[in-house]
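Shown next, in structure tokens, is the structure this report addresses.
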Amino acid sequence: MPSTFHGLTRRKPPAAVRKKKNKKRKRSVIAFPKMAPELRPEVEEVEDEEDEEDMEEGAEVLGFKLKPSASSRFHAIQPLGNLLLLGGPSSSANARDVGLGALRILPDDLLLDVLTFLPARDLAVLSSTSRSLYVFGTHDPLWRTLVLERFHGDFLFCGSWRSTYLASASRTLPLPPSETLVIRNFYSDYLFQSWLCASIEMKPEWLKIDNIERRRGISVEEFIDTFEDPNKPVLLQGCLDTWPAMKRWNRERLMRVCSDVKFAVGPVEMTMERYFKYSDAAKEERPLYLFDPKFADKVLELGSEYDVPIYFREDLFSMLGKERPDYRWIIIGPAGSGSSFHVDPNSTSAWNAVIKGSKKWVMFPPEIVPPGVHPSADGAEVACPVSIMEWFMNFYAACRTWKKRPVECVCRAGEVVFIPNGWWHLVINLEDSIAITQNYVSRSNLLNVLDFLQKPNARELVSGTKDRVNLFDKFKTAIDTSYPGMIDEVTAKVQEKMAEKKRPSFWESVTDAKAGGFKFSLI
Amino acid sequence: MGKTIKLISGDGEMFEVEEAVAFQSNIIKSLADEDNADDCIPLPRVDSQILSKVLEFCRKHANSPSVHTKFAAIPSELCPKHDGSAAGASSSESSSAHSETCRACYDAVMKLVQWDLEFVKVDLDLIHHLLKAANYLDIEDLMFMAVEGAANAIRGNNPEEIRKLFDLENDFTPEEEKEILKEYSWLDDPFEP
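Protein sequence lines correspond, in order, to chains X and L. The end of the first sequence is residue 523 by the working numbering, with every number in the run present. The end of the second sequence is residue 193 by the working numbering, with every number in the run present.
Quick look at the structure:
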């Protein structure tokens with residue numbers, strides 16, 4: 001669902017104004033336990049392992065299970081709390097401050113912001129000046145940006161982004177990835193949290209709640225009456241049984257069929273083979289995942305090996321033909337990849353079918369903003385400063401005590417999740433996964449979509465198409481042409497329903513101030 | 001002069017500025033929104049020397065769109081050429097289309113960017129303080145420029161020059177230094193210590 005990036009990406013300045021993207025990400029306050037006994041032994045384990053290539057399986061930090069080989073490359077960064085626990089500054093000075101000189105007055109996130117502006121050589125120079133700047137300068141996300149900007153999708157990932165850059169930049173043959181120095185006595189909450197989020201696995205208790213409704217083999221009418229019209233999510237089983245993709249889509253075949261075709265991966269395009277090399281090796285807080293809206297155009301077989309489940313076949317945007325916004329994506333990603341909280345664009349509904357692997361979903365209805373998410377008043381931007389892992393660590397527990405709890409589930413291969421329009425959703429792959437997702441407009445949310453497209457700031461909100469302002473006109477014309485009278489019919493039906501019910505409908509209870517919602521207006 | 005806001009620096013000096021200037025700071029904006037009897041906002045963490053520099057920046061940016069973060073969305077009402085007089089004609093244009101094609105807007109933005117770059121060509125000490133002030137007061141464009149200013153100070157130097165610049169101690173062992181230089185020798189523009 002592209003709206004994740006809709007709010008988070010910066011608008012591009014003209015080419016002449018060459019500024020690096022300024023990714024501001026404020027970390028939430030980290031709730032580390034203050035008890036020394038709980039804290040110390042586990043962190044010491046990290047230090048002891050430094051000589052080994054990989055961490056032992058089952059290693060733990062702060063009660064979180066670490067992914068295998070989570071910390072072989074990284075420094076024994078510790079949270080700031082440890083420094084306080086170990087007694088006065090003389091006994092164990094923070095290598096951070098000692099090595100930063102005048103820069104030590106800057107908080108970690110600001111310092112990293114400065115580093116995002118540096119080209120590779122300068123970043124390398126900086127990281128060779130002191131131990132502290134070595135830790136900051138080898139922060140892998142910085143090198144990820146450098147790789148993607150310079151090499152786009154044409155790189156072979158080798159262990160870390162920094163190694164990848166160095167190997168790709170080298171004029172000689174790529175060398176085996178070099179071991180970075182391990183710097184100890186470095187205390188930084190920001191960097192520790194970053195390392196932690198990149199290294200931990202999902203906690204079992206985060207996966208326990210599964211309160212979504214499940215149905216198998218229901219009729220289209222039942223789906224519309226029970227779920228689509230009332231705008232409720234549902235997990236449908238048995239819809240993918242006839243899909244050739246279920247049997248045929250595995251890595252080997254996909255790489256063969258897609259060979260040199262490049263697919264959209266974050267800001268760049270890559271072949272499947274290179275993508276898998278990356279996704280197997282990467283240990284990141286926000287892994288790149290393959291998310292391509294043109295997959296069926298690029299490789300015709302892919303489009304022919306799946307089918308829209310019967311419940312979703314009324315798709316009124318299809319009348320726009322080539323002018324319709326992006327509406328279908330193939331999604332491939334490793335464990336840990338996914339989308340943080342967002343609402344799908346243009347007020348459309350969506351379905352997401354898992355072909356391989358499994359996904360964890362957390363969904364909130366339109367009128368409830370998830371904890372930790374900050375939409376702007378006009379809905380044009382959504383700030384989700386935290387990564388998915390960080391959200392689970394710091395915010396998930398909060399909403400478990402709310403009266404209106406989120407809808408959650410784990411969706412496995414062969415199952416489809418229906419995401420009603422306006423619903424907030426977060427999704428994370430629990431293992432290597434391949435999925436297909438589509439957005440659509442049916443009779444049930446036709447009026448909402450028309451309303452949304454008519455909004456005065458439509459040009460900022462509407463996404464997925466190059467011609468934002470005219471989308472409303474085009475769509476309305478297309479509907480009136482192909483389905484004359486439908487708009488009136490639907491409006492009448494809704495008015496009838498509202499007259500019957502005493503409670504306000506979803507639509508009426510939602511206001512503009514809560515992004516993702518919209519004011520329902522009678523046309 | 002429109003409505004003004006009074007700000008008090010950490011060392012007790014009072015600055016009176018127009019709302020449009022002060023509200024570049026999201027913090028000041030939200031503090032002013034609350035019921036403040038005297039309209040006097042104390043800023044204990046910013047001293048007068050820095051605050052006056054910050055306000056100089058804000059004054060310059062007061063009537064411009066946010067250059068560094070929202071460039072593509074310059075509304076045509078802010079276009080220097082149109083000057084608000086052609087509001088009727090331009091209201092149906094999408095703002096991004098306007099700024100992409102309007103030469104006057106583009107030039108105005110470039111001028112502002114140049115001014116900004118000069119503004120941060122100052123000594124590092126001042127940049128540090130500007131960075132902290134911009135962070136504390138939540139002024140997006142100043143943050144952006146101060147960060148870029150700091151980065152500019154780093155660019156093009158060798159390790160020894162950077163150590164001098166920031167008063168850093170080289171706390172590597174000789175073996176470690178050798179190791180690091182070996183890693184970075186793969187860069188197409190390697191450097192000497």
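For glycine and all other residues, C-beta sits at the position ideal for the given N, C-alpha and C.
| message | Just checking: is the beta-carbon of Tyr-184 of chain L within a distance shorter than 8 Å of some beta-carbon in chain X? | response | yes
| said: Counting only beta-carbon separations shorter than 8 Å, does Arg-103 of chain L have a partner in chain X? | reply: no
| query | By how many angstroms is the C-alpha of Val-265 of chain X removed from the C-alpha of Thr-477 of chain X? | reply | 35 Å
| said: Out of X:Ile-224, X:Ile-331, X:Met-270 and X:Ile-428, which one is the CA nearest neighbour of Asn-445 of chain X? | reply: Nearest C-alpha to Asn-445 of chain X: X:Ile-224.
| message | If I follow the unbroken alpha helix (DSSP H) through Ile-50 of chain L, where does it start and stop? | response | 48-61
| Which residue's Cα is closest to the Cα of Asp-280 of chain X: X:Gly-63, X:Gln-454, X:Leu-156 and X:Arg-131? | X:Leu-156
| Is the CB of Ser-130 of chain X under 8 Å away from at least one CB in chain L? | By the rule that beta-carbons nearer than 8 Å mark a contact, Ser-130 of chain X touches chain L.
| request: Keeping to the same chain, check which residues put their C-beta closer than 7 Å to that of Phe-57 of chain L; ignore five residues upstream and five downstream. | output: Sequence-distant partners of Phe-57 of chain L (beyond 5 residues in either direction) whose C-beta falls short of 7 Å from its own C-beta, in its chain, are Phe-119 and Leu-142.
| request: For chain L, find out if any of its Cβ atoms is closer than 8 Å to the Cβ of Phe-117 of chain X; answer yes or no. | output: Closer than 8 Å: yes.
| query | Going by beta carbon distance, what residues of the same chain come within less than 6 Å of Gly-414 of chain X, once the five residues before and after it are set aside? | reply | Leu-240
| query | Ile-330 of chain X CB to nearest chain L CB: under 8 Å? | reply | no
| task | Could you list which residues in chain L have their beta carbon closer than 8 Å to that of Gly-99 of chain X, in chain order? | result | Leu-168, Glu-169 and Asp-171
| task | Work out the CA separation of Met-319 of chain X and Asn-556 of chain X for me, nearest whole Å. | result | Absent from the model: residue 556 of chain X. The displayed extent of chain X is 1 to 523, so no value can be given.
| query | Under the DSSP definition of a beta bridge, which residues are partnered with Glu-60 of chain X? | reply | Beta-bridge pairing links Glu-60 of chain X to X:Lys-65.
| DSSP three-state call for Asp-229 of chain X: helix, strand or coil? | coil
| message | If I follow the unbroken beta strand (DSSP E) through Arg-412 of chain X, where does it start and stop? | response | 407-412
| Nearest-angstrom Cα distance between Phe-192 of chain X and Ile-77 of chain X? | 6 Å
| request: Return the Cβ separation of Tyr-327 of chain X and Tyr-483 of chain X in integer angstroms, given the expectation that the two are a contact with Cβ distance under 8 Å. | output: Not a contact, Cβ separation roughly 18 Å.
| query | Is it a yes or a no for the segment 105-113 of chain L touching the segment 7-25 of chain L, going by three-plus beta-carbon pairs under 8 Å? | reply | no
| request: Just mark Arg-162 of chain X as buried or exposed, buried being the case when its beta carbon has 16 or more other beta carbons within 10 Å. | output: In this structure Arg-162 of chain X is buried. Its beta-carbon is surrounded by 16 or more other beta-carbon atoms within 10 angstroms.
| Close beta carbons around Phe-151 of chain X, own chain, < 6 Å, minus the five adjacent residues each side | Ser-168
| query | Under the rule that 16 or more other beta-carbon atoms within 10 Å means buried, what is Trp-402 of chain X, buried or exposed? | reply | exposed
| task | Look at the alpha carbon of Gly-321 of chain X and the alpha carbon of Met-246 of chain X, and state the distance between them as a whole number of angstroms. | result | Each residue's Cα considered, the two are about 28 Å apart.
| message | Just to make sure I have the definition right: I need the residues of chain X whose C-beta is within less than 9 Å of the C-beta of Leu-187 of chain L. Which are they? | response | Ala-120, Arg-121, Ala-124, Tyr-165, Leu-166, Ala-169 and Ser-170
| Closer than 7 Å at the beta carbon, the chain X residues around Pro-42 of chain L | Among the residues of chain X, none has a CB under 7 Å from the CB of Pro-42 of chain L; the nearest is roughly 22 Å distant.
| message | Between His-61 of chain L and chain X, is the shortest Cβ-Cβ distance under 8 Å, so that the two count as touching? | response | With 8 Å as the cut-off, His-61 of chain L does not count as an interface residue toward chain X.
| field | Glu-273 of chain X to Glu-500 of chain X span [Cα, whole Å] | value | 57 Å
| Would DSSP call Trp-206 of chain X helix, strand or coil? | helix
| query | What is the residue span of the alpha helix (DSSP H) that Phe-119 of chain L lies within? | reply | 103-119
| field | Chain-ordered residues of the segment 126-137 of chain L with a beta carbon less than 7 Å from chain X | value | His-128, Leu-131, Lys-132 and Asn-135
| Out of curiosity, what's the CA-to-CA distance linking Phe-186 of chain X and Arg-96 of chain X? | 6 Å
| query | Which class does Gln-24 of chain L belong to by DSSP, given the choice of helix, strand or coil? | reply | coil
| request: Determine, using beta carbons only, whether Ile-487 of chain X comes closer than 8 Å to chain L. | output: no
| query | Is the beta carbon of Ile-200 of chain X sitting closer than 8 Å to the one on Phe-395 of chain X? | reply | no
| message | Could you tell me which whole alpha helix (DSSP H) segments of length 4 or greater appear in the segment 78-159 of chain X? | response | Within the segment 78-159 of chain X, the complete alpha helix (DSSP H) runs of at least 4 residues are 80-85, 95-98, 108-115, 120-127, 131-137 and 140-151.
| query | Are any of the Cβ atoms in chain L nearer than 8 Å to that of Leu-103 of chain X? | reply | At least one chain L Cβ lies under 8 Å of Leu-103 of chain X.
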